[in-house]
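Number of protein chains: 2
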Amino acid sequence: MTRAAQTAKRAEASAREPMRAFSRSLPMLLLRAREAVMNRFRPNLRDHGFTDQQWRVMRGLVDNGEMQLSALAEDCCLLMPSLSRIIQNLEERGLVSRRAGDNDQRSWVISVTQEGRALFESAAPISEARYAEITRLIGDERLEQTYELLEDLIRVLEAPDADDAAAPKPQKSAWKTP
Amino acid sequence: MTRAAQTAKRAEASAREPMRAFSRSLPMLLLRAREAVMNRFRPNLRDHGFTDQQWRVMRGLVDNGEMQLSALAEDCCLLMPSLSRIIQNLEERGLVSRRAGDNDQRSWVISVTQEGRALFESAAPISEARYAEITRLIGDERLEQTYELLEDLIRVLEAPDADDAAAPKPQKSAWKTP
DNA sequence: CCGTATTATTTAACATGTTAAATAGAGTAG
DNA sequence: CTACTCTATTTAACATGTTAAATAATACGG
Chain A
1 MTRAAQTAKR
11 AEASAREPMR
21 AFSRSLPMLL
31 LRAREAVMNR
41 FRPNLRDHGF
51 TDQQWRVMRG
61 LVDNGEMQLS
71 ALAEDCCLLM
81 PSLSRIIQNL
91 EERGLVSRRA
101 GDNDQRSWVI
111 SVTQEGRALF
121 ESAAPISEAR
131 YAEITRLIGD
141 ERLEQTYELL
151 EDLIRVLEAP
161 DADDAAAPKP
171 QKSAWKTP
Chain B
179 MTRAAQTAKR
189 AEASAREPMR
199 AFSRSLPMLL
209 LRAREAVMNR
219 FRPNLRDHGF
229 TDQQWRVMRG
239 LVDNGEMQLS
249 ALAEDCCLLM
259 PSLSRIIQNL
269 EERGLVSRRA
279 GDNDQRSWVI
289 SVTQEGRALF
299 ESAAPISEAR
309 YAEITRLIGD
319 ERLEQTYELL
329 EDLIRVLEAP
339 DADDAAAPKP
349 QKSAWKTP
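Pasting the structure below:
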């Protein structure tokens, strides 16, 4: 049976079955896949003194230059309370610095220091090599398919349903019932 | 340009570029995809008093019946220290119980209590409905493709490389250099 | 200009992730 | 049987995830 035929057969079967087996459910597969990927990067990150999240922050800042905290949180997929602590940590280690926002005294703008950039650059080549290794193991074409499916998945699920099933955020100026 | 052609073009390009943009890298896409999926389930889980991980444990136990702690950890993708605390919590709430292993007094065997099963079953239908909703939004065929790609990804990355790049675990009876 | 609502960030409290060390039972060579 | 080694689980310590509340600055209607 071809792969396409297998896919079609399962798609047909999915209408009948109550829920996919736990270990093979979409949430578990995404969790295991991410763990499998991160396990390829972690030894290098740890060797350079970074947690996963600290590395995401450094990477975001190096890629984008100085950023406001809330934008950095969005970019790194971190909640503000987590990012707040992470920045404090990185700041104490002299890897990032902050300045007040230009037009808004509530906001902070974060950037990497020279030391931060140097440490990042000492770790980055091995991370790139790991990424190339992963690409080689999966194959370019299959990896591209994976990118596209995941981006579609994110786009579809982050958009609110027509019937508001996912508890949509209230709009900025919510009208009140008269 | 067809989707396949786009895929091929990007695959060709990937050999040149140093690393995919941070926000669209495989680790970030997997993280965002999982968050997007879990956000569909969380409101229901919280309504019933479960964290993500507590729900995984309950689901694993209901699916598989009583399980040894270490097997449960593997099944739920949890580290033993985390699972140890989670079981203590669920035990205090009367949702699971433990007994000593049959042949090994070090091990514990965990099972859901009647109350645990009842609470699980009160939350499960809405979770199933959410899964069906996600399936509808993505489409059966694309979801099946996603399952296959993720399972491949996990299988390939969890297998140790030929050159042991991912720090393979030492075998049970490691021979010593003579 | 004032009072109020809104927004950016931080803090608090508890659950989990992560790594190392501690505990205790099981297995094994001698 | 004893000493040594492994193995299953727990504890400890610190970082992050998550939710609610606190702070402080901004925006806005009147």
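As they're listed, the protein sequences go chains A and B.
Numbers 1 to 178, taken from this note's numbering, label the letters of the first sequence in order.
Numbers 179 to 356, taken from this note's numbering, label the letters of the second sequence in order.
Yeah, the Cβ is synthetic: ideal placement off N, Cα and C, and Gly gets one too.
Distance CB(residue i)-CB(residue j) smaller than 8 Å
i: Gln-68 (chain A); j: Gly-116 (chain A); result: no
i: Leu-61 (chain A); j: Ala-73 (chain A); result: no
i: Cys-76 (chain A); j: Val-57 (chain A); result: yes
i: Tyr-147 (chain A); j: Leu-207 (chain B); result: yes
i: Val-96 (chain A); j: Pro-205 (chain B); result: no
i: Ser-111 (chain A); j: Gly-65 (chain A); result: yes
i: Arg-202 (chain B); j: Glu-311 (chain B); result: no
i: Glu-91 (chain A); j: Arg-98 (chain A); result: yes
i: Leu-327 (chain B); j: Gln-145 (chain A); result: yes
Spatial distance of residue i from residue j (CA atoms)
i: Glu-158 (chain A); j: Ser-305 (chain B); result: 18 Å
i: Thr-135 (chain A); j: Leu-143 (chain A); result: 7 Å
i: Leu-153 (chain A); j: Ala-211 (chain B); result: 7 Å
i: Phe-200 (chain B); j: Arg-284 (chain B); result: 45 Å
i: Val-287 (chain B); j: Gly-272 (chain B); result: 15 Å
i: Asp-241 (chain B); j: Trp-233 (chain B); result: 12 Å
i: Asn-222 (chain B); j: Thr-229 (chain B); result: 10 Å
i: Gly-317 (chain B); j: Leu-119 (chain A); result: 44 Å
i: Arg-130 (chain A); j: Ala-124 (chain A); result: 10 Å
i: Lys-350 (chain B); j: Gln-266 (chain B); result: At Lys-350 (chain B), the pLDDT of 37 sits below 50, so the modelled position is not reliable and the matter cannot be decided from this model.
i: Leu-79 (chain A); j: Glu-141 (chain A); result: 33 Å
i: Ala-249 (chain B); j: His-226 (chain B); result: 25 Å
i: Arg-46 (chain A); j: Pro-81 (chain A); result: 23 Å
i: Arg-42 (chain A); j: Leu-209 (chain B); result: 15 Å
i: Arg-333 (chain B); j: Val-156 (chain A); result: 27 Å
i: Asp-161 (chain A); j: Asp-339 (chain B); result: 42 Å
i: Asn-281 (chain B); j: Arg-237 (chain B); result: 26 Å
i: Arg-20 (chain A); j: Arg-198 (chain B); result: 32 Å
i: Glu-35 (chain A); j: Glu-213 (chain B); result: 14 Å
Closer than 7 Å at the beta carbon, the chain B residues around residue i
i: Glu-35 (chain A); result: Cys-255
i: Arg-32 (chain A); result: Cys-255 and Ile-332
i: Ile-138 (chain A); result: Leu-331 and Val-334
Listed by chain order, chain B residues near residue i by CB distance under 8 Å
i: Ile-134 (chain A); result: Leu-204 and Leu-335
CB-CB length for residue i against residue j, believed under 8 Å
i: Ile-86 (chain A); j: Gln-114 (chain A); result: Not confirmed; about 20 Å, so no contact.
Exercise. Name the residues in the segment 217–232 of chain B whose C-beta lies less than 9 Å from a C-beta of chain A; which are they?
Worked result: Asn-217, Arg-218, Phe-219, Pro-221 and Asp-230
For this session: For the segment 91–123 of chain A, enumerate the residues whose C-beta is nearer than 7 Å to any C-beta of chain B, in chain order.
Result: none
Exercise. If you measure beta-carbon to beta-carbon, which residues of the segment 235–267 of chain B are closer than 7 Å to chain A?
Worked result: Arg-237, Gly-238, Asp-241, Asp-253 and Cys-255
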